[in-house]
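The structure appears below as structure tokens.
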């Protein structure tokens, strides 16, 4: 092998300009996937073009490339684009790589068996709570969350459980960036009310969502901690307020917080004190 050939091994062919163009296309393609992932009903070409800031013709070429690779598909009848199976497989690889999801699943099933309500696991991503795993209630009327769906941190049980154990400066940054939108009349929409609630969560060991994310739905959640005592994820039990009234929140809080402690211990995490 000559010296010139040895230098080229392991490097992409072409000049820097071409590589930069490919990188830009990749970023735009990933932006399209993120936009479609956040839109369960799919998006029209014009909406996607607005997301990536490109002309519809250029956007369509990117869509065709993603479609040919199996990442997205088009609804021929509605004309909208949506994520396809390959995107799901890539996302599922993340779940398989994070042991806390597999470790938590038996506990979610146990919580559902004990409470007959839906149990969820969620993480924090870009200032939102994202749901990754679920054990469905056997009841006819039950809470079901689409995996991958998002909820505001300040207006959900899982979200508040995660916020409660974050460093205070990070909480303030999230509040400044995301704000405190009033999702329902019960949402904690002022910094003082939310700070008081987070202090209570640390003291009692679990968070309550009293119809703050959806009217008629109550939720109790507790945090899974990593080796530094920081929030890794949160688990919850949710159901209709008629079956989870105020009088039942403490009972469910005990069950959920106990499960969260056991999962944390199995993961080698550290349980922080309320003063941390």
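In full-length UniProt numbering, the protein residues as written are 1 to 276.
Just so you know, even glycine gets a beta-carbon here, dropped at the ideal spot from N, CA and C.
Please read these numbers as outputs of a predicted model, since none were measured by experiment.
- Distance between residue 190 and residue 64, taken at the CA atoms: about 45 Å.
- The three-state reading of DSSP puts residue 156 in coil, since its state is none of H, G, I, E or B.
- A straight line joining the alpha-carbon of residue 263 with that of residue 100 spans about 8 Å.
- Here DSSP, grouped into helix, strand and coil, assigns residue 217 to strand.
- Boundaries of the alpha helix (DSSP H) around residue 191: 191 to 204.
- According to the DSSP assignment, residue 65 belongs to the alpha helix (DSSP H) that extends over 56 to 68.
- Contact check for residue 194 against residue 154 passes: the beta carbons are separated by less than 9 Å.
- Straight-line measurement puts the Cα of residue 66 at about 43 Å from the Cα of residue 115.
- Contact between the region 22 to 37 and the region 123 to 134 is absent, with fewer than three C-beta pairs closer than 8 Å.
- The C-alpha of residue 215 lies about 40 Å from the C-alpha of residue 60.
- Residue ranges of uninterrupted beta strand (DSSP E) with 3 or more members, entirely inside the region 121 to 155 and ordered along the chain, are 128 to 135 and 150 to 152.
- In its chain, beyond the 5 residues on either side, no residue has a beta carbon closer than 8 Å to the beta carbon of residue 53.
- Residue 257 sits in a helix when the DSSP states are folded into three classes.
- Straight across, the Cα-Cα distance linking residue 81 with residue 74 is about 4 Å.
- Bridge pairing for residue 23: absent [DSSP].
- Considering only 78, 217, 257 and 234, the residue with the shortest C-alpha distance to residue 183 is 217.
- The three-state secondary structure of residue 270, taken from DSSP, is coil.
- Between the C-alpha atoms of residue 234 and residue 161 there is a straight-line separation of about 7 Å.
- Residue 186 has its alpha-carbon roughly 21 Å from the corresponding atom of residue 202.
- For residue 134, the CB contacts under 8 Å within the same chain, skipping 5 residues up- and downstream, are 108, 118, 119, 120, 121, 144, 145 and 147 in chain order.
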